[in-house]
Structures are given as structure tokens and as C-alpha cells.
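Following the working numbering, the numbering of the sequence shown begins with 563 at its first residue and continues without gaps.
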Amino acid sequence: MIPPETEILDNLDLIKGIDKSNLLKHLLNFPQQCKEARAIGKLVKLPKSYMNYNNIVLSGLGGSAIGADLVRSYIWAHFKKSIYINRNYTLPGFIGSSTVLFCLSYSGDTEETISSYYNGKRKNAKSVILTSGGKLKKIAIRDNIPHIIIPKGLPPRQALGYSFFPLLYAISKISGLKPDEGPVEETLAYLEHVRTLFKPQQKTRENLAKRIALKLHNKLPLIYGTQDHMDTIVLRFRNQLEENSKHISFSHLFPEMNHNEIVGWENPKVILRNIAVVLFRDKEDYPRTKLRIDITKKIIKRYTNTIIEIHSLGNCLLSRMFYLIYLGDFVSFYLAILNNVDPTPVDKVKYLKDRLARFKTVG
563 MIPPETEILD NLDLIKGIDK SNLLKHLLNF PQQCKEARAI GKLVKLPKSY MNYNNIVLSG
623 LGGSAIGADL VRSYIWAHFK KSIYINRNYT LPGFIGSSTV LFCLSYSGDT EETISSYYNG
683 KRKNAKSVIL TSGGKLKKIA IRDNIPHIII PKGLPPRQAL GYSFFPLLYA ISKISGLKPD
743 EGPVEETLAY LEHVRTLFKP QQKTRENLAK RIALKLHNKL PLIYGTQDHM DTIVLRFRNQ
803 LEENSKHISF SHLFPEMNHN EIVGWENPKV ILRNIAVVLF RDKEDYPRTK LRIDITKKII
863 KRYTNTIIEI HSLGNCLLSR MFYLIYLGDF VSFYLAILNN VDPTPVDKVK YLKDRLARFK
923 TVG
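Set out below in C-alpha cells:
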């Protein structure tokens, strides 16, 4: 007999039985990972010539790119140079000798990132490689390219700390900036507290992550946030639902959605009724954007009964961003349990890579 959904999420033996590959271990270790990643970041050394640049390009895909997104979202309001996220085999036309190109691949074998490295090399970009090994590590050693080596053994999407903190420190160093250690210290300490709020031992009635997962179960998540600092939070949550929970999800950002998607909230009604809207909100959201969100809620609540507002917690911006990321990761884990799927395997990605391997790699 299958227990009620709430009992499933409070049954530690049942959770362990579904989580066969033990993603929970990595999830619970995230605060420690971030501490280790910060230590790696503080040791990063790059050539002084890299300080003479006009733009930064962060090239990566999937779980390896989300740290780049988070760095951009965190520093964009006060950073004086252009930062571009590249998710492709090729690079944009502005790349040149005044570009610092970070090639990001946790495995070191992401073919798009390897291709972008060679593309940047042909354009004389100043390259940096961040990886745990694989082909990119060999390339870095062979070509004498500055590289940052991070620990291996994790699903790339669960290595966010390792992809964020070393990159943040590296960009700070080539920009002649001293990282503000206060927000980092606060965030690292706060993550320890957040873990106690959402860990499996915390019963559903007191566990926000479990309650959100229950609201998303058998629903189509549509995730919204603001363009300012919440864009990466939205993307991360959608990706985690899809990879961990095996649960298709969609997203859009304010204020842009007010100029197009809002009109679509009319048909098909049979689908709209089954949408669960997730609104990520932060106290520093732009005032007019806050107003737009409030008005939009009144419009869409006529079509769906499920609107979940998630407010960031924490003092500094970095701690608030990491609170939402950690909460979202726990939600995706609990939704995987409700969906009765092992969160770790990404079989369709593996199948795609195996099929692609039959064809010659484009360099």
C-alpha cells in the first residue's frame, strides 16, 4: 500500500529507496562544498596581462554554466565591464585579444565548450579553463593555459559551489577588485542554517521545500522572477526540476513577460488549470517590477488555483540568492521522490551523447 504523499516525504527509508544514487549526500554537503570552493577561489592566480581586457566571456553549458550565470547575476549591477554567457560551439564576433574567455566544463569533456576554446584560441582570446579533469585539463596543460581544477565525482549540476566561488574570485582578481568577504562569510554560515530547515528529517508541516514539492506534484510548473538578480534563480530551479525531478517546466522573466506571455494566459484552458505558477521574489526587486508582479497575479489567478510565492531570506544579496537556490534544489529532490524517480541519472542526456559520439567532433 502506497502511503499518502506527505507520509512519503517524511519516510526516510522510502526516500533512501528511491534515491538509489544518493543525490541527497551531495545536497546535504552543499554548505561544505561552498566553503571548499571559496578556499580554491582565494588561491586562484592569473597572469597580470589578463587584467588588461575589455570584456569577459563565460563559455559553458548545463550544470557547468549555471555558476557563470550566478556570478553575472550577482555582480551585474556594479560591474563596469561587459560579461557575456556563451552556450554554443562558436563564439560571438566581438571576441578578440582584449577578451578574457573562461571555458567551463565540470567533466572537461563538453564538446561545445572544447569547440569554443579552439574558437577563442584562433581569435587570440586570453583563456582560462575551469574543470575537474578530462580533455580540457589536458588541453590546458598542453597549451600552457591558466586553469582552475575543482574536485570531481559530482553530477555537474550539484557542483554549483565549485563553479561559482572560484569564478567569482578569478573575475575579481583580473578586475583589480578585492572580493567583499563579508557577504561570502554570511552566506557560508547561512547555508548551514538553511540545510536544517529543509533536510529530510524536518517534517512536512515545518519544511517549506516539501510543501512546495507537494504543490508542484502532477502540475506543470511555470516559473517567474525578475530580470535583475532573480534570472539565474529561475533558470536554476527550472533546470533542477527537469534534471532531478524529471519534470518538464517552463519559465519567463519580469518585466518582459508583461509584453507578450501575459496575453497567452487564456488558452488552452485545460492546460492553464494544471499550471503551478512559482514566483521568486526579492526585497530588492525594482519597485515598478514589484507592482507589475502584483497586478499580473490578479490576472492569472483567474486561470489557475496554484500560485506559489517564494520570498528570499537572508541579509545580503548573496545569501538571499543562495537561500533560493538551496531551497529550489531541495524542492527538486522531494519532487523526484514524489515522482518515484532516482534524482541522479540523466539517461536522455547520456543517450544523446552516445549517439553524437558516433559522428566526428567539430573542432
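We put the beta carbon where it would ideally sit given N, CA and C, even for glycine.
Sequence-distant residues of its chain with Cβ nearer than 6 Å to residue i (five each side left out)
| i | result |
| --- | --- |
| HIS873 | ARG843 |
| GLY837 | Reading off the sequence, residue 837 comes out as Ile, not Gly. These residues qualify, in order along the chain: LEU782, LEU784, THR866. |
| ILE887 | ARG798 |
| ASP847 | THR788 |
| ILE862 | TRP827 |
| GLY603 | PHE727, PRO728, TYR731 |
| THR605 | This sequence places Leu at residue 605; Thr is not what is there. Here the set comprises nothing. |
| TYR646 | VAL619 |
| PHE656 | none |
| ALA702 | ILE691, HIS709 |
Residue environment, residue i, which counts as buried when at least 16 other CB atoms sit within 10 Å
| i | result |
| --- | --- |
| MET563 | Low local confidence applies: a pLDDT of 42 at MET563 is under 50, so the model's placement there is unreliable, and no value is given. |
| GLY744 | exposed |
| VAL650 | It is Asn, not Val, that sits at residue 650 in the sequence shown. Answer is exposed; the Cβ neighbour count stays below 16. |
| GLN802 | buried |
| ARG767 | exposed |
| PHE816 | buried |
| GLN595 | buried |
| ASN769 | buried |
| HIS709 | buried |
| VAL908 | buried |
| PRO830 | exposed |
| HIS809 | buried |
| ASN902 | exposed |
| PHE812 | exposed |
| ILE720 | First, the residue type needs correcting, since residue 720 is Gln and not Ile in the sequence shown. Buried, because 16 or more other Cβ atoms sit within 10 Å of the Cβ of GLN720. |
| LYS699 | buried |
| LEU632 | buried |
| VAL796 | buried |
| GLU674 | buried |
| ARG882 | buried |
| GLY738 | exposed |
| ASN806 | buried |
Where the beta strand (DSSP E) containing residue i begins and where it ends
| i | result |
| --- | --- |
| ALA599 | Here ALA599 belongs to no beta strand (DSSP E); instead the alpha helix (DSSP H) covers 592-604. |
| SER667 | 661-667 |
| PHE842 | 837-843 |
| THR693 | 688-693 |
Residue from the options whose Cα sits closest to the Cα of residue i
| i | options | result |
| --- | --- | --- |
| SER669 | ALA639, GLY624, ILE707, ASN686 | GLY624 |
| LEU750 | LEU576, LEU815, PHE592 | PHE592 |
| LYS912 | ASN573, ASP671, LEU663 | ASP671 |
| ALA898 | TYR612, GLU804, SER621, ARG854 | GLU804 |
| HIS755 | ASN617, PRO708, LEU889, ILE869 | LEU889 |
| LEU590 | ASP891, ASP904, ARG917 | ASP891 |
| LEU880 | GLY629, LEU585, ILE691, LEU739 | GLY629 |
| VAL840 | ASN877, SER659, ILE855, THR851 | ILE855 |
| ILE580 | LEU918, ASP904, SER677 | ASP904 |
Three-state secondary structure (DSSP) of residue i
| i | result |
| --- | --- |
| GLU743 | helix |
| TYR679 | helix |
| THR906 | coil |
| ALA898 | helix |
| GLU818 | helix |
| PHE812 | strand |
| ARG773 | helix |
| ASP581 | coil |
| ALA732 | helix |
| MET563 | Caution applies to MET563, whose pLDDT of 42 falls short of 50 and renders its modelled position unreliable; the value that the coordinates give is listed next. Coil, per DSSP. |
| SER621 | strand |
| ARG920 | coil |
| PRO783 | strand |
| ASN616 | coil |
| ASN648 | strand |
| ASN829 | strand |
| ILE657 | coil |
| THR866 | coil |
Residues near residue i in its chain [Cβ-Cβ closer than 7 Å; skip 5 each side]
| i | result |
| --- | --- |
| MET792 | PHE842, ASP844 |
| TYR896 | LEU571, ALA771, LYS772, ALA775 |
| ILE824 | THR858, ILE861 |
Terminal residues of the alpha helix (DSSP H) in which residue i lies
| i | result |
| --- | --- |
| PRO762 | Segment: none, PRO762 is in no alpha helix (DSSP H) and carries neither H nor E. |
| SER635 | 628-637 |
| ILE701 | 696-704 |
Beta-carbon proximity list for residue i, same chain, < 8 Å, skipping 5 on both sides
| i | result |
| --- | --- |
| GLU598 | PRO713, GLY723, TYR724 |
| ASN706 | none |
| ARG920 | none |
| LYS683 | SER689, ASP705 |
| ARG800 | PRO783, ILE785, SER811, PHE812, SER813 |
Short CB-CB distance (under 9 Å) between residue i and chain D
| i | result |
| --- | --- |
| HIS709 | Among the chains in the structure shown there is no chain D, since it carries only a single protein chain. |
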